[in-house]
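Here's the structure we're looking at; comments come further down.
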Amino acid sequence: MANLLRSLIGPRVPEEELRTHRVRYLTPTFIFMIARVLLLVSIFFPYWHMELEAPQYPNGLFLTAYVNHLTGDVREIDGLNHYIGMRPLGEAAAFERTASVWMIIAMFLLVEGAAFIHSKWAVLLAIPAITFPGGFLADLSYWMRTFGLNLDPSAPLSSSVKPFVPTVIGEGGIGQFRTFAELGTGYWLAVACAGLTILGFYFHRRAYRPLALRMAQTGGERIG
Amino acid sequence: MAALLLAAGATLACIAPDANGQETRRRRGGAEAAKPVELTPEQVAQFTKIANDRKLNVDDLLAAAKTYMPSGRHDDYVLFSSGGQSGQVFAIGVPSMRLLRSIAVFTPESWQGYGFAGMEDPVLKGLEINGRPVNWGDTHHPALSETNGDYDGQFLFIGDKANARVGVIDLRDWETKQVVKNPLTVSDHGAAFVTPNTDYVIEGGQYATVLGYGYAPPEEYKKSYRGMVTMWKFDRTKGRIDVANSFALELPPYWQDLADAGKAVSDGFFFINSFNSEMATGGIESGKPPFEAGASKRDMDYLHIIDWKKAEAAFRAGKAKEINGFPVIMLDTSIADGILYFAPEPKSPHGVDVTPNGQYMVVAGKLDPHVTVYSIDRIKAAIAGKKFSGSDDYGVQVLDFDAVKEAQVELGLGPLHTQFDDKGYAYTSLFLDSAVARWSLGGDYAKLHQEQPWKLVHKTSVQYNIGHLCAAEGDTVSPDGNHLISMSKWSVDRFLTTGPLLPQNFQLLDIVQPGTTMPVLYDAPIGVGEPHYCQMIKADKLNSWKVYPEIGWNPHTQQLDPNAPKKGEEGVTRNGNKVLVKMTAVRSHFLPEHVEVNQGDEVTWRIVAAESAQDATHGFCIGGYNINLSLEPGEYTEFRFIADRAGTYPFYCTEFCSALHLEMMGYLHVKPQTKTASAGPSN
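Chains as they are written, first to last, in our numbering: chain A, 251 to 474; chain B, 71 to 753.
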């Protein structure tokens, strides 16, 4: 059991080794730290924007999605959406919006944990942070699709506007509206976090893998 | 986050407001950014052809270029004009002269839902005088609120000559918030004018009566009739006139006319001129001289010089006497405390206007071809040096004319009102000459222009019978000097004939060039009342709301109303024969759509426009019950009525709010009372 645990958390770095190759061991820790801070900061930045344009809205309508809330002309867009039978935006991704901040904090802690685990299994702790941007997009697409395809057939304009798949990124259109959607700063911070986490692993393995191999040669059983 | 959303809502189009030229991230709407114009020979030929086809000369083309506003471009100035007998205020864009909107003040107006909110409508209650509905006004003089003598764009005051009332308009939502009735006098004239920081709104009277709605026969005119001026204290924080801290001054029964507050060096004073110091009482039917002759006999009338800071001190010291429940500083107090002095002025004059620096008071002669200019330095010195030429019948000291007079400038026939620019010129309307006179100021102003001081420079003919005139910010401490409006009373042949009742003619003059260049650029017909005075404010000083700040906003209180129904609270509840309807209005439905009451029920109806998009206004009317509301985005309204007529009453949205506007309706079912029913509501 103790061996299993030791093999999971990986080799500890001897004092002298750390002193002589400080940069080698601190680099992954440092990169992980930046990565998880970026992820945390992304909470405060928009992940996704959409602008809607129509003749009677010369200044456009705007929608901005953060991981945990939606701002902009939500009321107006909901009001317009009711004509085609789309459910209010507030009903979309309710669980995701509630859980997202906790999820990000969890990912933050997991990546932090990954810095202390020196075995290859540390990657498991970082998988959520690495896959988060992709997951966000997939979730966004899922909800857009679900909302767009499930229009209330008894809505006022149901006969003229058929169910459709809204455009998640780029230019789309419905009725007299043109829509322009793009990813926001928060999303790119999450992408940066994922990228840095991967980069961190490169240095992580470069630091600890030889250590693990060396310890295996000298100390018998390979750990990490 | 999932979002899409779209909106086919307005697919069929809804009302499309003008593209207003603001740039969105990806698209430019409305006006393109101006590029320098260079006309090709082909374009010159095109212009020439159009001009010749339409019989336009070069001046016309220049005038068009100076006034034309391309689609989506905003005017530089807003003209707030009295609406005369319409009882309203008009807002007009300058230089395009396009009517932007009217603001109902003293007259119920159905588009704005002003006075059509059932019984005990606060608007109609506010218009009652002595318990009687008085549902019109003769709006005369608008006054924009000022800070340090300059327009601040926050409030607009307007006087009702016919009924001696002052309306207060909040320029955040352009709605009338308060109407105060003067308890002393039946009608007035010198309202509204503000002191330089809007501490007080001045309401000068006109036709003398027995103050406080009293009675005396005309034989007792001199003994019992009195004039007055009221100082309405304005509470800027509340946006209301503070009646409890307002007071009036008793004045002799000369007919006080226009007023203007001193500023800068003359701050603390205000000035009113008068006519009928003859105290004529008319009686043409008995062979006596009519008012028009009797009131014009003397060569001189009295410019009233009032030290309002001393008057305020006297009021605070408890020296006022109550008349009809309103504090009045009596003449003897005004004389004893040095509050009131007269200066002679020729002859039955009309306007008194203070120059931007506060130094000079310009009195326009009306029946005298001059403007007479007084200086505050001379006035102060004459008061201090007791340079009096006598006193009037009531003991008011009359300052020596030559001691206070700075200059007299002969302009022409019928000078009425004066405005100012930034180049040291004054502009005076000449009613009988039908002209605007440009003349040069002296003193510190002489260095701003090339003219001899105190001289007529130029007259431009206007069409016709000009009353007031208005230059851009031309009665403030810093006039802009670029536009002037001639408020011509007669239009005669200027427009297509509109039957025997003709529009007035607002004429735009270009006053940018000095000297003798001052062309008329544009005629704008005003076919909704005879305006008197107007003021022109730079448009960027106005901070108007685009929509109400929150959904459930009560414009009467200017705050969120706790009674405003929220989403999910809609419904109809009954308590005895009282029915409460809570309703929301959002494109394109009312909720609820069926309201069932019994004949005789007292219905209280609370309705909120749950909208936040600019221009997404709803209306709400119940046919046959004289109810129509304007529900601007976010607005909350409550109204009450007795459902005394049985039947099925459609209610509907009276603004074309959306593609499904016609579907935005519902039914009020008033179930007939049956004689045999005992369980039903008794009535």
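Note that beta-carbon positions come from the ideal geometry of N, C-alpha and C, so glycine has one too. Predicted, not measured: the structure shown is a model, and the values here were computed from it.
Put residue i into one of helix, strand or coil per three-state DSSP.
i: Lys391 (chain B); result: strand
i: Ile581 (chain B); result: coil
i: Gly188 (chain B); result: strand
i: Gln276 (chain B); result: coil
i: Arg262 (chain A); result: coil
i: Val324 (chain A); result: helix
i: His454 (chain A); result: helix
i: Ile367 (chain A); result: coil
i: Lys293 (chain B); result: helix
i: Thr687 (chain B); result: coil
i: Trp623 (chain B); result: strand
i: Ser350 (chain A); result: helix
i: Glu267 (chain A); result: helix
i: Asp550 (chain B); result: coil
i: Met349 (chain B); result: coil
i: Leu699 (chain B); result: strand
i: Asp593 (chain B); result: strand
i: Leu439 (chain A); result: helix
i: Met588 (chain B); result: coil
i: Lys308 (chain B); result: coil
i: Gly335 (chain A); result: coil
i: His528 (chain B); result: strand
i: Ser499 (chain B); result: strand
i: Tyr515 (chain B); result: helix
Note down, in chain order, every chain B residue with its Cβ under 7 Å from the Cβ of residue i.
i: Glu326 (chain A); result: Ser682, Ala683
Just list the residues that DSSP pairs residue i with in beta bridges.
i: Ala485 (chain A); result: Absent from the structure is residue 485 (chain A), since the part of chain A shown begins at 251 and ends at 474.
i: Cys540 (chain B); result: B:Ile555
i: Arg657 (chain B); result: BP columns for Arg657 (chain B) are empty, so no partner.
i: His319 (chain A); result: None; His319 (chain A) has no bridge partner.
i: Phe711 (chain B); result: B:Val673
i: His374 (chain B); result: B:Ile342, B:Phe412
i: Ile162 (chain B); result: B:Leu149, B:Leu169
i: Ala213 (chain B); result: B:Phe227
i: Leu203 (chain A); result: In the structure as shown, chain A begins at 251 and stops at 474. Residue 203 (chain A) is therefore absent and cannot be evaluated.
i: Val398 (chain B); result: B:Ala318, B:Lys391
Should residue i and residue j be called a contact, given that it needs their Cβ atoms to be closer than 8 Å?
i: Pro414 (chain B); j: Met349 (chain B); result: no
i: Leu311 (chain A); j: Leu320 (chain A); result: no
i: Ala342 (chain A); j: Val361 (chain A); result: no
i: Thr177 (chain B); j: Gly207 (chain B); result: yes
i: Met139 (chain B); j: Ala594 (chain B); result: no
i: Tyr497 (chain B); j: Leu554 (chain B); result: yes
i: Val532 (chain B); j: Ala507 (chain B); result: no
i: Gly678 (chain B); j: Pro662 (chain B); result: According to the sequence shown, residue 678 (chain B) is Val rather than Gly. No, the Cβ-Cβ distance between Val678 (chain B) and Pro662 (chain B) is not below 8 Å.
So residue i is in the alpha helix (DSSP H); what residue range does that whole segment cover?
i: Pro383 (chain A); result: 372-399
i: Val291 (chain A); result: 272-291
i: Arg448 (chain B); result: 446-454
i: Asp222 (chain B); result: Premise fails: Asp222 (chain B) lies in the beta strand (DSSP E), 220-230, not in any alpha helix (DSSP H).
i: Gly364 (chain B); result: 361-364
i: Thr403 (chain B); result: 401-406
i: Val128 (chain B); result: 128-137
Give the interface partners of residue i over in chain A, defined as CB-CB distance under 8 Å, in chain order.
i: Leu730 (chain B); result: Tyr333, Pro406
Taking Cβ-Cβ distances shorter than 7 Å, what residues in chain A pair up with residue i?
i: Arg657 (chain B); result: Gly329
Span of the beta strand (DSSP E) holding residue i?
i: Val264 (chain B); result: 258-264
i: Gln467 (chain B); result: 467-469
i: Trp509 (chain B); result: 505-510
i: Gly460 (chain B); result: 458-461
i: Pro720 (chain B); result: 717-722
i: Ile239 (chain B); result: 235-240
i: Thr110 (chain B); result: Careful: Thr110 (chain B) lies outside any beta strand (DSSP E) and carries neither H nor E.
i: Lys475 (chain B); result: 475-480
i: Leu486 (chain B); result: 485-490
i: Thr325 (chain B); result: Note on residue identity: the sequence assigns Trp, not Thr, to residue 325 (chain B). Looking at the DSSP string, the run of the beta strand (DSSP E) that includes Trp325 (chain B) is 325-331.
i: Arg644 (chain B); result: 641-645
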